[in-house]
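Numbering (the numbering used here), first residue to last: 17 to 119.
Note that beta-carbon positions come from the ideal geometry of N, C-alpha and C, so glycine has one too.
As the structure is a prediction and not an experimental result, all values here were calculated from the model.
Let me begin by presenting the structure, written as structure tokens, before commenting on it.
Given below as structure tokens:
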């Protein structure tokens, strides 16, 4: 009977040791899970922040592209106006020459 009691005590000790080991592993996993959850939240926050920044940059890019387009159109208009002024200047120079040759 003493042998059975000793055997039962050893089994109980083994079970308790296994239980303690399992509890330690559970605590470690819970801690690891907490760290992973924290990192996931941080990543989600960063993702949303970057998406907001991307939207802002896209808006600014669109505005700048619009300004570039307007500037290119204005440059074309100025070039046309300049060409017209050059042509007018040539005509005026020719008239001046004509008038000078008449006198």
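Checklist entry - If you draw a straight line from the C-alpha of residue 20 to the C-alpha of residue 30, how long is it? => result Stepping through the chain shown from its first residue, residue 20 is reached at position 4. Stepping through the chain shown from its first residue, residue 30 is reached at position 14. Taking the straight line joining both Cα atoms gives about 15 Å.
Checklist entry - Would DSSP call residue 119 helix, strand or coil? => result The sequence position of residue 119 within the chain shown is 103, counting from 1. Note: residue 119 maps to coil in three-state DSSP.
Checklist entry - What separation, rounded to the nearest whole angstrom, lies between the Cα atoms of residue 38 and residue 67? => result Against the chain shown, residue 38 aligns to sequence position 22. Against the chain shown, residue 67 aligns to sequence position 51. The straight-line gap from Cα to Cα measures roughly 42 Å.
Checklist entry - Under 7 Å from any heavy atom of the ligand ATP, does the C-beta of residue 58 make it? => result As for the ligand ATP, it is missing from this structure, which has no ligand bound.
Checklist entry - Which of helix, strand or coil does DSSP assign to residue 204? => result Examination of residue 204 is not possible in this model, given that the chain is present from 17 through 119 alone.
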